[in-house]
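Residue numbering for the sequence shown follows this note's numbering, beginning at 538 and increasing consecutively. Quick notes on the structure that follows.
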Amino acid sequence: HAHSSRATTMPPPPPEATTTTPPWWERKENELQRDRSANNNDTSSCSLSSSETYSCRTAPDENGNMRRKCERVVRKFRMCPGRDPEEIECTRELTDEEDVRGGGGGGGG
């Protein structure tokens, strides 16, 4: 059998088919979803971070007893891409303890 080998060269695919850009209607849908989530205060792409500062100082009270005053400040921030960190919570905790050396019994916690 003499087979005439016709060279059937496939035409190269159009350049649009090789790019990964979604069609315009999908793109539109994505933009709509993004707008919707932005209006929704959606925090999926946001991350929370908290910073805690602790400062103590020892000062005598009105009776001349040395007391240790400590202040703990916990601040929570919402970090969103493309936006400034937004402080959503700030907790201040003041402790005022008598400065007893060698602490007499425990009950930690």
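Glycine included, each C-beta is placed from N, C-alpha and C at the ideal position.
Name the DSSP beta bridge partners of residue i, please?
{"i": "residue 594", "result": "606"}
{"i": "residue 627", "result": "612"}
{"i": "residue 588", "result": "612"}
{"i": "residue 632", "result": "607"}
How many Å lie between residue i and residue j at the Cα?
{"i": "residue 562", "j": "residue 620", "result": "28 Å"}
{"i": "residue 592", "j": "residue 613", "result": "18 Å"}
{"i": "residue 597", "j": "residue 617", "result": "44 Å"}
{"i": "residue 594", "j": "residue 610", "result": "15 Å"}
{"i": "residue 632", "j": "residue 588", "result": "19 Å"}
{"i": "residue 582", "j": "residue 629", "result": "28 Å"}
{"i": "residue 547", "j": "residue 558", "result": "24 Å"}
{"i": "residue 586", "j": "residue 608", "result": "20 Å"}
{"i": "residue 626", "j": "residue 634", "result": "26 Å"}
{"i": "residue 615", "j": "residue 584", "result": "6 Å"}
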